[in-house]
Amino acid sequence: MIDVQHVTKRYGPLTAVDDLSFRVERGEILGFLGPNGAGKTTTMRILTGYLPATEGRVQVAGFDVFEQPIEAKRRTGYLPETPPLYPEMTVDEYLQFVARIKGVPASDRQAQIGSAMERTSIADMGDRYCGRLSKGYRQRVGLAQAILHNPDVLILDEPTAGLDPRQIIETRKLITDLAGDHTVILSTHILPEVSQTCQRVVIINRGRVVAVDTPDNLTARLQGSQTLYLQVDTQGADPLPALEGVAGVLSVTVADKRDGVGGYQVESGSGDDIRRELSRTVVTNGWGLLELRPQQMSLEDIFLQLTTEDAPADTLAADAGTGDDADEANTEDRTDG
Amino acid sequence: MGNILTLAQKELRAYFVSPIAYVLLVFFALLFGYFYVSSINFMIQLSMGQFGMGGPQIVNINEFMIRPLFGNTAVILLFMLPMLTMRSFAEEKRSGTIELLLTSPLTDVQIILGKFLGAMALYTLMLSLTLVHIGVLFWYGEPEWAPVLSGYLGLLLMGGSFISIGLAISSMTKNQIVAGVSTFAVLLLFWIINWMGDASGTMTQSVLAYLSILEHLDDFSKGVIDTTHVTYYVSFITLGLFLTAKSMDMARWNG
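So the protein sequences, as listed, match chains W and Y. Numbering that gives the first Met the number 0 numbers the first residue of the first sequence as 0 and each following residue consecutively. Numbering that gives the first Met the number 0 numbers the first residue of the second sequence as 0 and each following residue consecutively.
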């Protein structure tokens, strides 16, 4: 449904997107994950035909975005980072206008606007001015605008930004519901969002694909080693040798230390649950066990890990063993870029 | 065509929902009214023979009233039309709504023509206010209608030129004020470009005189529709719209 081949975008000397390739199949939800400034928005703008790529090709629903822009745009719904609302229009007027310029036939207009408003739960907001809506409602009107003409492809740039937790859950549900007959690409910098809604994830950093995989594989891969945080009161003794002696422990590092209480990060191989052994060791040594908890990997850690590895994309793809598209996208000859 | 009209309608609505349309209409009417009254006074004095031409006489309304009035109208427009076009692209770029237009199945030409027609519609409405004043002249006097019509045609063409340049400049910036001031400066330059002609040679002089945007208006209000002048304004409008298209294209490549 979406085919991105060797897309590069340069602004003068700055390369915003560097040789990006991936594919999205019909009905799939693809998450686009990356830190701010990674090139997410630029990539999405290229996919929607808002920006031309410096090099490479993009096909949406079988149409080349640069050569047949009208046909491609007809089949694309796009929610930019800031919902493109006209403050002086009411929600009804705005959606009427959008329906017209998106080429929805006059006979279907009212029905499609109604269903878009229903799905984004703004049915009762019709006569409110767009300029006076709260952030959450703006986002939803933006979403209604994107799905209005029933596009094959939906491109959503941070669709849940600025929403409250309940709205976030609703929006995620809406996106999951839409996936059946639409192909969705959504960008985010929130990791749980990806694992909850997306079937496949593209992680990009500095304009390059760092990883393409399913969220499950990605999580497994990233939790190849497990880290526990342990706080013990050793009354002055050095617990390091004892802790390192526990079976399964790969390394122990000091996280913090004050007044004889030490915090340690204990890394172990994946699959080994060493918490019992670890606590037993602490107790048998006569120390006080103050805290023991698994440490969540933050997005920063993941990026650090992915971007410091030598050939991250290839290792990941090989490790994964699934996602043929991912393999294909990453191992193709890079000749014509 | 449907898309162009939809866009034009949206533009016109935007003018009327914000105060812009009302401010322009009210002050245009006020200033036009002022020039109208003062030219009536001038004409009355003239017809009473107060300039030492030997008693009361019949004065040609077209020549002594309507023609100078249209010239004055052009000056009002020079100040006002930049304010009509300054927001068109700049505001859409600032607020991000341009992203909606450029990712919808619309061509650049449709977007530009939509904006042009929307602005022209408001401008035509401004001009139509003056029909009342001119109508009064027809009620009490006997002006010829042909020069009046051709004068309006001239004003429409000239205003179209102002608007097309205004659109081009608005499409180059995100800042409305920058767009407005630059448009005014460029128009003023085209207005006075022939002043320099006097000091230079005859060849340059005629070229500069041809470029001057005001030079071409006068014949229209005399009742002469000269293809030279029509060609000038139509080329000017086309150039403005072409520059707008180029600038949209460039903005796209430079992000």
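Beta carbons are placed, not taken as given, at the ideal position from N, Cα and C, and that holds for glycine. Keep in mind that this is a model prediction, so the values were computed, not measured.
When the beta-carbon positions are compared, W:C129 and W:Y85 come within less than 7 Å of each other. Pairing Y:R12 with W:I203, the inter-Cα distance amounts to about 42 Å. Contact between the region 47-62 of chain W and the region 226-241 of chain W is absent: fewer than 3 CB-CB pairs across the two stretches fall below 8 Å. Here Y:N2 carries a helix assignment [DSSP, helix/strand/coil]. Contact between W:I69 and W:A115 is ruled out by a C-beta separation of about 22 Å, above the 8 Å threshold.
A direct Cα-Cα distance of roughly 15 Å separates W:D212 from W:L185. Under DSSP, W:D255 shares a beta bridge with W:G262.
Contact annotation: in the region 81-96 of chain W, residues whose CB is within less than 9 Å of a CB in chain Y are T81, P82, P83, L84, Y85, P86, E87, M88, E92, F96.
The continuous beta strand (DSSP E) containing W:T187 extends over residues 182-187. For the region 9-36 of chain Y, the set of residues with a beta-carbon nearer than 7 Å to any beta-carbon of chain W comprises K9, A13, V16, S17, in chain order. Nearest to Y:L156 by C-alpha distance, out of Y:L76, Y:A145, Y:N2, is Y:L76. Using a Cβ-Cβ distance cut-off of 8 Å, the region 165-185 of chain W and the region 25-38 of chain W are in contact, since at least three pairs of beta carbons, one from each stretch, lie closer than that value.
Beta-bridge pairing by DSSP links W:R9 to W:T14.
At a cut-off of 7 Å between C-beta atoms, Y:S87 does not count as an interface residue with respect to chain W. Closest in alpha carbon position to Y:F219, among Y:L187, Y:R251, Y:S170, Y:S149, is Y:S149. Taking a 10 Å sphere around the C-beta of Y:S205, we find fewer than 16 other C-beta atoms and assign the residue as exposed. Think of a sphere of 8 Å around the beta carbon of W:L132: no beta carbon from chain Y falls inside it, the nearest being about 14 Å out. Inter-segment contact for the region 140-154 of chain W and the region 7-20 of chain W is absent: fewer than three beta-carbon pairs are separated by less than 8 Å.
For Y:N193, there is no enclosing beta strand (DSSP E), as DSSP marks it with neither H nor E.
At a C-beta separation below 7 Å, W:K72 has these neighbours in chain Y: T102, S103, P104. With a beta-carbon spacing of about 12 Å, W:Y263 and W:L288 fall beyond the 8 Å limit used to define contacts. Contact between Y:S170 and Y:F241 is absent: CB atoms are separated by about 12 Å, not below the 8 Å threshold. For Y:L116, no CB of chain W lies under 7 Å from its own CB, so it is not counted at the interface with that chain. In the DSSP assignment, W:N204 falls within the beta strand (DSSP E) that extends over 199-204. Y:A120 carries a helical assignment under DSSP once its states are collapsed to helix, strand and coil.
Look at Y:G113: its C-beta is not under 7 Å from any C-beta on chain W. W:I45 is outside the set of residues whose beta carbon lies under 7 Å from a beta carbon in chain Y. Closer than 7 Å to the CB of Y:T5 there is at least one CB belonging to chain W.
At a cut-off of 7 Å, the C-beta of Y:E98 has a neighbouring C-beta in chain W.
Per DSSP, W:G125 is not a residue of any beta strand (DSSP E), being assigned neither H nor E.
If you ignore the 5 residues before and after W:P150, its C-beta comes within less than 6 Å of the C-beta of R74, T75, G76, all in its own chain and listed in chain order. Where W:G76 is concerned, the enclosing beta strand (DSSP E) starts and stops at 75-78. Per DSSP, Y:G165 is one residue of the alpha helix (DSSP H) stretching across 144-169. For W:F31, the uninterrupted beta strand (DSSP E) run begins and ends at 28-32, by DSSP. Think of a sphere of 7 Å around the beta carbon of Y:N174: no beta carbon from chain W falls inside it, the nearest being about 18 Å out. W:E290: member of the beta strand (DSSP E) spanning 287-293, first to last residue.
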